[in-house]
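Quick note, the sequences are listed as chains V and P, same order.
Residues 1 to 116 (UniProt numbering) make up the first sequence, in order.
Residues 1 to 116 (UniProt numbering) make up the second sequence, in order.
C-beta: ideal position from N, C-alpha, C; glycine also.
There are 2 protein chains.
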Amino acid sequence: MAKKELSIEQKIKYVQDTLFVISGKWKLPIMMAVNNGNQRFRDIQRAVPNITTRVLSKELKDLEENRLLVRTVYDSLPVTITYTVTPYCKSLKPMVDEMIKWGERHRAELKKARND
Amino acid sequence: MAKKELSIEQKIKYVQDTLFVISGKWKLPIMMAVNNGNQRFRDIQRAVPNITTRVLSKELKDLEENRLLVRTVYDSLPVTITYTVTPYCKSLKPMVDEMIKWGERHRAELKKARND
DNA sequence: GATGCCAGTTACCTAAAGGATACCAACATG
DNA sequence: CATGTTGGTATCCTTTAGGTAACTGGCATC
Chain V
1 MAKKELSIEQ KIKYVQDTLF VISGKWKLPI MMAVNNGNQR FRDIQRAVPN ITTRVLSKEL
61 KDLEENRLLV RTVYDSLPVT ITYTVTPYCK SLKPMVDEMI KWGERHRAEL KKARND
Chain P
1 MAKKELSIEQ KIKYVQDTLF VISGKWKLPI MMAVNNGNQR FRDIQRAVPN ITTRVLSKEL
61 KDLEENRLLV RTVYDSLPVT ITYTVTPYCK SLKPMVDEMI KWGERHRAEL KKARND
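Here it is in structure tokens:
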């Protein structure tokens with residue numbers, strides 16, 4: 001089956017859908033931290049520089065609602081709570097990798113611009 | 001030379017840098033429209049559904065300042081103004097392509113979620 | 001029994017993003 | 001000579017994102 005070619009309007013719509021889910025300063029960094037093995041609230045907070053508890057709490061709820069993270073309560077004593085990424089969240093990896101690459105090149109570009 | 005492995009902190013920083021440049025509802029859609037050949041103000045406005053002149057104007061200035069677009073004035077009669085993408089802007093393509101792909105799959109995921 | 005860690009919540013505030021609407025001069029088109 | 005197009009500005013307004021700071025209850029540790 002031939003790969004369908006999307007119209008520019010469709011492409012824009014899909015990009016806006018994606019932006020809607022990931023945009024903001026914190027969602028991707030949080031998912032990256034959790035994916036990296038930082039699964040507990042304070043761990044995540046330490047892994048994501050400068051995020052406040054209030055914002056982290058709100059973002060975690062948001063990500064859970066959007067099925068990107070799962071919150072699990074273990075009834076150990078004291079109770080332990082972990083956040084883990086879903087497979088759906090992992091599907092963002094190729095995009096995130098491109099964002100990392102671009103961010104890296106962007107730093108270099110900024111340096112160049114300052115020296116112009 | 002071996003490909004360097006970035007730490008999670010570095011990766012987060014680069015992603016945040018990228019987010020800083022592209023986030024918001026309109027920047028990527030505008031660049032996509034311009035790249036698609038919609039180079040004049042009203043063309044871009046028509047190509048990007050629901051954007052207002054005020055916002056488009058502001059975003060174009062922003063993108064120009066960030067060296068992602070170039071504004072050219074032709075002194076024809078009447079004067080014609082075009083916006084074109086820079087090579088730097090084109091370097092976003094792999095990332096944008098991933099965002100399109102993800103947005104497409106996301107729609108399907110949402111449908112699935114509603115039927116659960 | 002004071003202090004500290006965990007997982008948050010609450011109230012308050014500011015800045016930025018974005019939308020609605022009206023308007024403009026210069027030209028072109030019927 | 002009325003109407004439309006082009007490339008925007010100017011005002012005003014609402015919503016959202018995000019930051020600051022204080023606080024809580026349960027448990028553990030010194």
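In the DSSP assignment, find the unbroken alpha helix (DSSP H) run with residue i in it and report its ends.
{"i": "I81 (chain V)", "result": "Here I81 (chain V) belongs to no alpha helix (DSSP H); instead the beta strand (DSSP E) covers T80 to V85."}
{"i": "L77 (chain P)", "result": "It is not in any alpha helix (DSSP H) - L77 (chain P) carries neither H nor E in the DSSP assignment."}
{"i": "D97 (chain P)", "result": "K93 to N115"}
{"i": "T52 (chain V)", "result": "No alpha helix (DSSP H) holds T52 (chain V); DSSP gives it neither H nor E."}
Who are the near neighbours of residue i in its chain, counting only those whose CB is closer than 8 Å to its CB and skipping five residues on each side?
{"i": "R40 (chain V)", "result": "T80, I81, T82 and Y83"}
{"i": "W26 (chain V)", "result": "V48, I51, V55, L56 and E59"}
{"i": "R107 (chain P)", "result": "none"}
{"i": "N66 (chain P)", "result": "V21"}
{"i": "D62 (chain V)", "result": "K27"}
What is the DSSP secondary structure of residue i, counted as helix, strand or coil?
{"i": "V70 (chain P)", "result": "strand"}
{"i": "R40 (chain P)", "result": "coil"}
{"i": "G24 (chain P)", "result": "coil"}
{"i": "L56 (chain P)", "result": "helix"}
{"i": "E5 (chain P)", "result": "coil"}
If residue i and residue j are in contact, beta carbons under 8 Å, what's the gap, nearest whole angstrom?
{"i": "L68 (chain V)", "j": "M95 (chain V)", "result": "The pair is not a contact, with the Cβ atoms about 13 Å apart (cut-off 8 Å)."}
{"i": "A19 (chain V)", "j": "L28 (chain P)", "result": "The residue you asked about is not Ala; residue 19 (chain V) is Leu in the sequence shown. Confirmed, about 7 Å."}
{"i": "Y14 (chain P)", "j": "G103 (chain V)", "result": "3 Å"}
{"i": "I100 (chain P)", "j": "K4 (chain V)", "result": "The Cβ separation is near 12 Å, so there is no contact."}
{"i": "E98 (chain V)", "j": "E98 (chain P)", "result": "5 Å"}
{"i": "S23 (chain P)", "j": "S23 (chain V)", "result": "4 Å"}
{"i": "V70 (chain P)", "j": "T53 (chain P)", "result": "Their Cβ separation, rounded to whole angstroms, is 20 Å, which puts V70 (chain P) and T53 (chain P) out of contact at 8 Å."}
{"i": "R42 (chain V)", "j": "S91 (chain P)", "result": "The pair is not a contact, with the Cβ atoms about 38 Å apart (cut-off 8 Å)."}
Could you name the residues of the same chain whose beta carbon sits closer than 6 Å to that of residue i, not counting the 5 residues immediately before and after it, in chain order?
{"i": "T72 (chain V)", "result": "T82"}
{"i": "C89 (chain P)", "result": "M31 and L68"}
{"i": "N38 (chain P)", "result": "I44 and A47"}
{"i": "N35 (chain P)", "result": "V85"}
{"i": "V21 (chain V)", "result": "none"}
{"i": "E64 (chain P)", "result": "R71"}
{"i": "K111 (chain V)", "result": "none"}
Residues in the same chain with beta-carbon distance under 7 Å from residue i, minus the five sequence neighbours each way, listed in chain order, please.
{"i": "A33 (chain P)", "result": "I44, A47 and V48"}
Tell me which residues of the stretch 83–102 of chain V have at least one Cβ-Cβ distance to chain P shorter than 7 Å, keeping chain order. If the cut-off is 7 Å between Cβ atoms, the stretch 83–102 of chain V has Y88, S91, L92, P94, M95, V96, E98, M99, I100 and W102 near chain P.
Report the residues of the stretch 1–25 of chain V with a CB closer than 9 Å to any CB of chain P, ordered along the chain. L6, I8, E9, Q10, K11, I12, K13, Y14, V15, Q16, D17, T18, L19, F20, V21, I22, S23, G24 and K25
Residues within the stretch 46–70 of chain P neighbouring chain V, beta-carbon criterion of under 8 Å: Under the 8 Å Cβ criterion, the stretch 46–70 of chain P contributes A47, V48, P49 and R67.
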